[in-house]
Each structure stands twice: as structure tokens, then as C-alpha cells.
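K.L.:
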Amino acid sequence: MSRTTRLAGAALVASLALAVSGCSSSNTATDGAAASPTASTPAPAASAPASPSAVDHTLTKAALQQALLTSAEVPAGFKASKPDKGEDMFGKADTTMPASCQPIADIGANDAAIRPSAAVDQDYPQPAKASAMIFSRLVSYQAGDAEKAMTALKVAVKSCATYKSKSSDDGSITRVRLAVQQGPALGDDAVTLDATGDVQGHAVTIRLVDIRIGSSMAVFASLDLNAAKVPAVPQLLMAKQVEKLKAAATG
1 MSRTTRLAGA
11 ALVASLALAV
21 SGCSSSNTAT
31 DGAAASPTAS
41 TPAPAASAPA
51 SPSAVDHTLT
61 KAALQQALLT
71 SAEVPAGFKA
81 SKPDKGEDMF
91 GKADTTMPAS
101 CQPIADIGAN
111 DAAIRPSAAV
121 DQDYPQPAKA
131 SAMIFSRLVS
141 YQAGDAEKAM
151 TALKVAVKSC
161 ATYKSKSSDD
171 GSITRVRLAV
181 QQGPALGDDA
191 VTLDATGDVQ
201 GHAVTIRLVD
211 IRIGSSMAVF
221 ASLDLNAAKV
231 PAVPQLLMAK
241 QVEKLKAAAT
251 G
């Protein structure tokens, strides 16, 4: 299945688990307690960053792990939990048709054309709203590669209002409709996209937010299977994660 389908499917599994047991679909919790998309009128791909990052370094996986938010740090109503092994939503990139759209599928992926040095994943379920889910990934790159990946993404979205995505898992093909939204004024650069694909015969839209902080990135994906409009990733959640990741990279 495509990444869009994987994300929606994971949210469906999470919603069922929460409804039955009141628990996240992920096994391990961390320490501590918008508008509809339209491809015809895209908003700016990114907004101006709050301030440029200081000189940073390539973070190790252990350092990225330490930079993840804990349940005590996330906004009220959310939990922080780690996905089970093999259930991360960003690890493998699908193949796009045309190939010029590949940087979109490559966002945060381990096997992207511009490969990250390290990556860690975290989910943010809402126990009181089982149909909604936020997935995230922190990624570090060698010097200069984060900027290259973001530049490639911005170029790709200009000509990829629609494209096909071939699953890296089973070879299935999904038609994706893309809408560029206003990016958050966080980090050194940011892009927000709404990607719509068919899941079990229904159109599901996922909001993707990619924020660059020096040589690192914070990537978020948000969806709600029961909502008429795609939910935004909470600004406070993104801001806290960006602040913690920046502190790790520049400390």
C-alpha cells in the first residue's frame, strides 16, 4: 500500500485500539504524564522562519531520541508513544510517477535519494479522539543535505498537483492529489502539504509538515478518519518539538 494508505490504515488501527482499550496502538509511551485542500489555488509552500539556527551538527540516533517530546511536554489531550518496530510511517519511500515528484515521497524516508544519517519516530494519539492521529519523525543529515532535500521538495511540489505513487511494500498504485498550504513560521524553513488518496474506497487527506532546523528536520503527518476537513498539526506541538530539536543540534 502507499504511504497515504499506510498512514490512514495506522490511524484506523489506532482508533479501534483506543475505542476498545483506551490505549495507544503503540506499545511504549515516553516518560511523563484547517482548510480543505484545493490543488488549483496553492498557498505559499513555506513561511519565513522565526530565526535562523545557530551552527549545528549532525545528530546521532541517540541524540534524536533524547530530543523527542515526552508525554509531559505535549499539549493537553495528546500522548507521546513510540510505534512498534516496523510500523513507522516514514521509513520507506514509495516510487512516484512521474519521477520528478519523488522528493515528495522521499520526505524523511530512510531510502530517500538524499538519505538521512539517523531518524527516530513518534506518534501522538488523542485518547479522547480515537479517529485522529499525528505521526512524527525527527531526521538528521550530513552538512548541507537537509537544505538540498528541502530545495528538492519545493521544486517538486510546483509541478505535482497530481501524481501516482507505487507502494514499496506490495506494488499497489495510488493516485495522489496534492495541495500546498502555508507552512508554519518555525525553524529555518518549512513546507506544508495536503496529500489525498483513496483508502478502502474513500478519499482520505493527510497533512504533511516538514520543518528544517539546521541539519535536522521534524516531520509531522496528521489525519482524522471521521473529520470532513484535514486537521492541522497543533502549532504548540510543532513549536515545542522544534525548540527541543534546535537545542539538541546547537547545544
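Everything in the sequence shown is counted per my numbering, starting at 1 for the first residue and increasing by one. By construction, the Cβ of each residue, glycine as well, lies at the ideal position given by its N, Cα and C atoms.
(1) Return the CA-CA distance between GLN241 and THR192, expressed in angstroms with no decimal places.
(2) Ordered along the chain, which non-local residues of its own chain (more than five positions away) have a Cβ less than 6 Å from that of ILE114?
(3) With DSSP collapsed to three states, give me the class of GLN235.
(4) CA-CA distance, ALA14 and ARG137?
(5) For PRO98, is the classification buried or exposed, using 16 other Cβ atoms within 10 angstroms of its Cβ as the cut-off for buried?
(6) What is the DSSP secondary structure of GLY251, reduced to helix, strand or coil?
(7) If LEU245 and ALA218 are in contact, beta carbons under 8 Å, what's the gap, nearest whole angstrom?
(8) Give the DSSP-derived three-state secondary structure of ALA99 in the structure shown.
(9) What is the DSSP secondary structure of THR151, counted as helix, strand or coil?
(10) Ignoring anything shorter than 4 residues or poking outside the stretch 92-142, list the alpha helix (DSSP H) runs there in chain order.
(11) Using the beta-carbon count (16 or more within 10 Å), is THR169 buried or exposed?
(12) Look at ILE206 and MET238 and say whether their C-beta atoms are less than 9 Å apart.
P.N.:
On the basis of the data shown:
(1) About 16 Å.
(2) Same-chain partners within the cutoff: ASP145, LYS148 and ALA149.
(3) helix
(4) No answer about ALA14 holds up, because its pLDDT of 40 lies below 50 and its placement is not dependable.
(5) exposed
(6) coil
(7) 6 Å
(8) In the three-state scheme derived from DSSP, where H, G and I count as helix and E and B as strand, ALA99 is classed as helix.
(9) Helix.
(10) Runs of the alpha helix (DSSP H) inside the stretch 92-142: 102-105.
(11) Thr is not the amino acid found at residue 169; the sequence shown has Asp there. It is exposed - the Cβ of ASP169 has fewer than 16 other Cβ atoms within 10 Å.
(12) With respect to the 9 Å criterion, ILE206 and MET238 are not classified as neighbours on the basis of their beta carbons.
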